[in-house]
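For the record, the sequence lines run as chains B and P. Each residue of the first sequence is one higher than the one before, counting from 1 in our numbering. Each residue of the second sequence is one higher than the one before, counting from 167 in our numbering. First the structure, in the form of structure tokens, and then the observations on it.
Protein chains: 2
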Amino acid sequence: MNENDPAHEITDRALCQECDVILYRIPMTPDDPATAALLDAVAWTPTGLVACVAQQHDTGEVLMVAWMDRAAIRETLATGRVCYFSRSRNRLWRKGETSGQVQRLVELRLDCDGDALLALVDQAGAACHTGRRSCFYRAARDGVLAVIAEPIADPAELYSRSEAAP
Amino acid sequence: MNENDPAHEITDRALCQECDVILYRIPMTPDDPATAALLDAVAWTPTGLVACVAQQHDTGEVLMVAWMDRAAIRETLATGRVCYFSRSRNRLWRKGETSGQVQRLVELRLDCDGDALLALVDQAGAACHTGRRSCFYRAARDGVLAVIAEPIADPAELYSRSEAAP
Numbered sequence: 001m002n003e004n005d006p007a008h009e010i011t012d013r014a015l016c017q018e019c020d021v022i023l024y025r026i027p028m029t030p031d032d033p034a035t036a037a038l039l040d041a042v043a044w045t046p047t048g049l050v051a052c053v054a055q056q057h058d059t060g061e062v063l064m065v066a067w068m069d070r071a072a073i074r075e076t077l078a079t080g081r082v083c084y085f086s087r088s089r090n091r092l093w094r095k096g097e098t099s100g101q102v103q104r105l106v107e108l109r110l111d112c113d114g115d116a117l118l119a120l121v122d123q124a125g126a127a128c129h130t131g132r133r134s135c136f137y138r139a140a141r142d143g144v145l146a147v148i149a150e151p152i153a154d155p156a157e158l159y160s161r162s163e164a165a166p
Numbered sequence: 167m168n169e170n171d172p173a174h175e176i177t178d179r180a181l182c183q184e185c186d187v188i189l190y191r192i193p194m195t196p197d198d199p200a201t202a203a204l205l206d207a208v209a210w211t212p213t214g215l216v217a218c219v220a221q222q223h224d225t226g227e228v229l230m231v232a233w234m235d236r237a238a239i240r241e242t243l244a245t246g247r248v249c250y251f252s253r254s255r256n257r258l259w260r261k262g263e264t265s266g267q268v269q270r271l272v273e274l275r276l277d278c279d280g281d282a283l284l285a286l287v288d289q290a291g292a293a294c295h296t297g298r299r300s301c302f303y304r305a306a307r308d309g310v311l312a313v314i315a316e317p318i319a320d321p322a323e324l325y326s327r328s329e330a331a332p
């Protein structure tokens with residue numbers, strides 16, 4: 001990819017479809033009003049991220065907390081499949097891209113001061129890279145930091161390639 | 167307060183009971199095993215904080231996201247009343263200290279990679295400084311960023327003195 005190519009002009013963080021590295025480029029289409037309003041209302045961290053809590057829409061289980069950037073929010077709202085920004089891999093992370101444990105978006109909400117999102121989702125299988133339904137499987141309970149949930153899937157089978165924790 | 171006073175030796179962030187400013191001092195008592203294990207397992211931000219999601223323990227409502235430091239976690243576990251660290255006020259923030267809308271702790275959980283807490287709480291009244299039950303009252307819905315919940319209390323009455331958003 002040639003970054004001097006006008007087709008890759010830098011305006012927003014996104015993945016290049018050709019070379020799979022992060023770059024900044026012109027969004028292909030204008031944002032719809034809901035997406036534009038949401039992006040405008042977010043109080044971004046200095047590195048352009050916002051925390052996102054994922055909650056199973058019907059049972060209320062809090063599944064995980066991860067981060068989104070502008071591109072992740074755009075993709076999530078456009079596709080209905082939840083996409084985060086992985087800080088450890090420094091790229092977009094389509095939840096379930098390796099494990100198959102995808103999150104379908106039901107609704108994306110924003111808090112009062114704009115620094116946290118709540119994604120109501122329909123989680124297939126395990127949200128956690130340990131194979132547990134929820135990442136919050138440790139609790140201060142009975143005087144110890146107790147493990148309060150067991151895996152529902154084998155991580156070795158879920159991640160036969162390379163998807164890991166954010 | 168005299169910071170050279172050995173009684174105020176710096177070991178941990180906490181509020182001085184005498185002068186109500188943040189300082190670092192020796193904890194009065196050793197941590198119990200659950201608190202020590204939890205503090206040891208947290209992956210702190212560079213400024214010594216960790217994100218905390220508060221969820222109503224019985225209904226599953228996600229109420230808010232705020233931050234805790236070591237002192238906030240210690241106080242929360244020791245007292246059973248949720249205490250955060252307010253980044254805007256740069257001090258401990260005992261939820262409800264002005265508004266009366268306190269959070270009683272039911273259980274404190276930690277996620278797989280240690281960078282997020284989930285506090286199961288019993289929230290009195292409104293968690294949000296706008297007087298709404300939950301801070302997540304805006305949603306990308308019907309093509310706009312919609313307000314999906316109304317206040318259940320008057321913020322002017324809740325905050326007749328000075329408690330505000332974190």
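Heads up, the beta-carbon is just placed ideally off N, CA and C, and yes, glycines get one too. Remember, predicted model here, so these are calculated numbers, not experimental data.
*Could you spell out the range, first to last residue, of the beta strand (DSSP E) harbouring A51/B?*
50 to 56
*Taking only runs of the alpha helix (DSSP H) that begin and end inside the stretch 53 to 131 of chain B, which ones reach a length of at least 4 residues, in chain order?*
You should have 70 to 79.
_Length of the line joining the Cα atoms of R253/P and A232/P_ = 9 Å
*Could you please give the first and the last residue of the uninterrupted beta strand (DSSP E) stretch that includes A306/P?*
Judged by DSSP secondary structure, A306/P falls within the beta strand (DSSP E) whose first and last residues are 304 to 307.
*asked:* When you compare the CB of P321/P with every CB in chain B, is at least one pair closer than 8 Å?
replied: no
*Looking at the unbroken beta strand (DSSP E) that takes in A207/P, where does it start and where does it end?*
Segment 199 to 207 is the alpha helix (DSSP H) holding A207/P; no beta strand (DSSP E) there.
*Find out if the Cβ-Cβ distance for the pair A290/P, G262/P is shorter than 8 Å.*
yes
*In its own chain, which residues sit with a C-beta less than 6 Å from the C-beta of D32/B, not counting the 5 before and 5 after it?*
none
*Mind checking if H129/B is an interface residue toward chain P, Cβ cutoff 8 Å exclusive?*
Cβ-Cβ to chain P under 8 Å: yes for H129/B.
*Can you find a C-beta in chain B that's less than 8 Å from the C-beta of E273/P?*
Closer than 8 Å to some Cβ of chain B, the Cβ of E273/P qualifies, so yes.
*Per DSSP, which residues does L145/B bridge with? Please list them.*
A140/B
*Keeping to the same chain, check which residues put their C-beta closer than 7 Å to that of F251/P; ignore five residues upstream and five downstream.*
So the qualifying residues of the chain are L215, W233, M234, D235, A238, L258, W259.
*Report the rounded CA-to-CA distance for R304/P versus T195/P, giving the unit in angstroms.*
If I take the Cα positions, the gap works out to 43 Å.
_Looking at chain P, is there any beta carbon in it that lies within less than 8 Å of the beta carbon of D32/B?_
Using a Cβ-Cβ cut-off of 8 Å, D32/B counts as an interface residue toward chain P, since at least one Cβ of chain P sits closer than that to its own.
*Could you tell me whether the Cβ of V231/P comes closer than 8 Å to any Cβ of chain B?*
yes
*Tell me where the alpha helix (DSSP H) around A319/P begins and ends.*
Unbroken run through A319/P: none, as it is neither H nor E.
*Proximity to M230/P [Cα-Cα], best of V268/P, G280/P, L324/P*: V268/P
*Using 10 angstroms around the beta-carbon of S265/P, count the other beta-carbons present and answer buried if the total reaches 16, otherwise exposed.*
buried
*Given that a residue counts as buried once 16 or more other Cβ atoms are within 10 Å of its Cβ, and exposed if not, what is A306/P?*
buried
*So which residues on chain B does L204/P lean against when the C-beta distance must stay under 7 Å?*
Near L204/P (Cβ distances below 7 Å), the residues of chain B are A140, L145.
*Between L118/B and Q55/B, is the Cβ-Cβ spacing less than 8 Å?*
yes
*Below 6 Å CB to CB, which residues in the same chain sit around D281/P once its five sequence neighbours on both sides are set aside?*
Closer than 6 Å at the Cβ level, and outside the excluded window around D281/P, lie A209.
*asked:* Quick check: A51/B and L311/P, are their CB atoms within less than 8 Å of each other?
replied: no
_Below 8 Å on the Cβ atoms is my contact criterion, and I expect G297/P with A319/P to pass it. Report the Cβ-Cβ distance as a whole number of Å._
4 Å
*asked:* Looking at R270/P: is its Cβ nearer than 8 Å to the Cβ of R247/P?
replied: Against a cut-off of 8 Å, the Cβ pair of R247/P and R270/P comes out as a contact.
*Say whether chain P places a C-beta atom closer than 8 Å to the C-beta of G125/B.*
no
_Nearest candidate by alpha-carbon position, reference N256/P, set T213/P, D277/P, L324/P, L243/P_ = In terms of CA proximity to N256/P, T213/P leads the group T213/P, D277/P, L324/P, L243/P.
*Give the straight-line distance between the Cα atoms of E227/P and G60/B, rounded to the nearest whole angstrom.*
Counting only the Cα atoms, G60/B lies some 7 Å from E227/P.
*Leaving aside the five residues before and after A292/P along the sequence, list all residues of the same chain whose C-beta is less than 8 Å from its C-beta, in chain order.*
Cβ neighbours of A292/P beyond the five flanking positions: S265, Q267, R298, R299, P317, I318, A319, L324.
_Per-residue contacts from C301/P into chain B (C-beta, under 7 Å)_ = Contacts between C301/P and chain B, judged by CB atoms closer than 7 Å, involve D111, C112 in chain order.
*Quick one: Cα of E241/P to Cα of A78/B, how far?*
43 Å
*Any idea if T35/B is buried or exposed, counting beta-carbon neighbours within 10 angstroms, 16 or more meaning buried?*
With 16 or more Cβ atoms within 10 Å of its Cβ, T35/B is classed as buried.
_Cα-Cα separation between E107/B and A37/B, rounded to whole angstroms_ = 15 Å
*On the premise that V53/B lies in contact with V313/P, defined as a C-beta separation below 8 Å, what is that separation, rounded to the nearest angstrom?*
About 19 Å separates the two Cβ atoms, so there is no contact after all.
_I want to see whether chain B comes within less than 8 Å of Q269/P, judged by CB atoms only; does it?_
no
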